[in-house]
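Comments concern the structure below.
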Amino acid sequence: MLEVTNVKVKYRVGEGVIEALRGVSLRVNEPLLVTVSGPSGSGKTTLLKAIAGRVNYDGSIKVMNLEVKYNMDAVRKLVLYLPVGEVLIDELTIDETMRLASMSSNVNDAHVDDILEWLSLSRLRNRRVFELSTGERRRVELAIALAKAPRLMLIDEPTIGLDEGNARIIGEVLRSMSRQGRLILAATHDPVLMGYSDLNFKMRDGLILTR
C-alpha cells in the first residue's frame with residue numbers, strides 16, 4: 002500500500018540548506034494504524050507532506066504502486082493529508098460542515114449520518130464549530146476525512162491539545178478506521194496514541210531509527 006525508499010527532502014533557508022529527510026525508507030503492505038514518533042524537528046511532518054506530494058523529494062514514494070511525483074492526480078484520489086488544525090469554518094454547524102465536505106465527494110446524506118453517529122457527533126450536529134471543544138473539533142476533522150473516503154490517511158498530530166481521555170477516543174477511532182481497510186499514518190509524540198498503533202516508526206534528525 003505504501004513504500005518509501007531512500008527519500009530525501011532539503012529546504013533552502015537563506016544561504017543555507019536544511020536536510021529535513023536524510024534517506025527515509027519504510028514499507029507498509031496492509032491497512033494498519035501506523036504512528037511516526039519523534040521530537041519536534043525530527044522530520045515527521047515533512048515525511049507526511051512528501052507522501053502527500055506537498056513537497057519535492059528525491060528517492061521513491063509509491064502509494065498503491067503509483068509513484069507519487071509522477072501520478073499526482075491519481076494519488077490525490079487515494080490520499081488525504083490532514084495537517085494540524087485543519088481549517089474549519091467557525092460559523093458553520095457540524096451538519097453544514099459535513100454537507101459541504103460531502104458535496105466534493107459524492108457522499109449521500111445517509112452515509113454522512115452514519116459517520117456522525119459513529120463518531121458520536123449526531124447530537125452535536127446543529128452546534129457551530131466555534132462552540133466545540135478541541136476534542137470535538139478533532140472528531141469533526143476525522144468525520145470530514147471519512148466522508149472523502151481515502152485509502153491512505155496522513156494525519157499530523159491528531160491528539161495535540163487533548164487530555165488523555167479524548168486522546169484515547171481518537172486512538173480508538175483511528176484504529177477502527179484502519180480496520181475498515183484504510184492505512185492510517187499519524188505523526189505524533191503522544192504515547193497514548195502510540196499505544197493504539199499497530200506499528201511505530203521512531204524518527205530523529207530526518208532518519209527513521211527503529212520500528
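Sequential numbering from 2 applies to the sequence shown in my numbering. Built from N, CA and C at the ideal position, the CB exists for glycine as well. Note that the structure is a prediction, hence the values are computed from the model and not measured.
Short of 6 Å in beta carbon distance, which residues of its chain neighbour Gly136, apart from the five on each side in sequence? Order them along the chain.
Numbered from 1 along the sequence shown, position 135 holds the residue referred to as residue 136. Around Gly136: Leu163, Asn167.
First and last residue of the uninterrupted beta strand (DSSP E) at Val10:
Here residue 10 is taken as the residue at index 9 of the sequence shown, counted from 1. That run of the beta strand (DSSP E) goes 3 to 14.
Check Gly60 in the structure and name its three-state DSSP category.
Taking the sequence shown and counting its residues from 1, one reaches residue 60 at position 59. Residue state, collapsed to three classes: strand.
Between Ala146 and the rest of its own chain, which residues show a CB-CB distance below 7 Å, the 5 nearest in sequence each way excluded?
The residue given as residue 146 occupies position 145 in the sequence shown. So the list reads Leu81, Leu83, Met154, once near-sequence residues are dropped.
When Val64, Lys50, Met65 are compared against Tyr58, the one with the closest alpha-carbon
Residue 58 sits at position 57 when you count from the first residue of the sequence shown. Closest by alpha carbon: Lys50.
Reducing DSSP to helix, strand and coil, say where Ser123 ends up.
Translated into positions along the sequence shown, residue 123 becomes position 122. Three-state result, Ser123: helix.
Counting along the chain, where does the beta strand (DSSP E) carrying Arg19 start and finish?
Within the sequence shown, residue 19 is the residue found at index 18, counting from 1. What sits at residue 19 in the sequence shown is Ile, not Arg. Per DSSP, Ile19 belongs to the beta strand (DSSP E) from 17 to 29.
Hey, out of His112, Leu27, Gly39, Pro32, whose CA is closest to Ser177's CA?
On the sequence shown, position 176 is the one that residue 177 refers to. Cα-wise, what sits closest to Ser177 is Pro32.
Check whether Val174 and Leu143 have beta carbons under 9 Å apart:
As a working note, residue 174 is residue 173 in the sequence shown. As a working note, residue 143 is residue 142 in the sequence shown. In this structure, Leu143 lies closer than 9 Å to Val174 by Cβ.
Can you tell me the Cα-Cα spacing of Val64 and Arg13, whole angstroms?
Along the sequence shown, read from residue 1 onward, the residue named residue 64 stands at position 63. Along the sequence shown, read from residue 1 onward, the residue named residue 13 stands at position 12. If you take the alpha carbons of Val64 and Arg13, they lie about 27 Å apart.
Cβ separation of Ser179 and Leu34, assumed to be a contact under 8 Å, to the nearest whole Å
Position 178 of the sequence shown, counted from the start, is the residue given in the question as residue 179. Position 33 of the sequence shown, counted from the start, is the residue given in the question as residue 34. Contact flag correct, Cβ pair sits at about 4 Å.
Rounded to the nearest angstrom, what separates Leu79 and Glu132 at their Cα positions?
The count along the sequence shown starts at 1 and reaches residue 79 at position 78. The count along the sequence shown starts at 1 and reaches residue 132 at position 131. Taking the straight line joining both Cα atoms gives about 32 Å.
Please look up how many angstroms separate the CB atoms of Arg152 and Leu184, rounded, as I've assumed it's under 8 Å.
Within the sequence shown, residue 152 is the residue found at index 151, counting from 1. Within the sequence shown, residue 184 is the residue found at index 183, counting from 1. Indeed they touch by this definition, with Cβ atoms about 7 Å apart.
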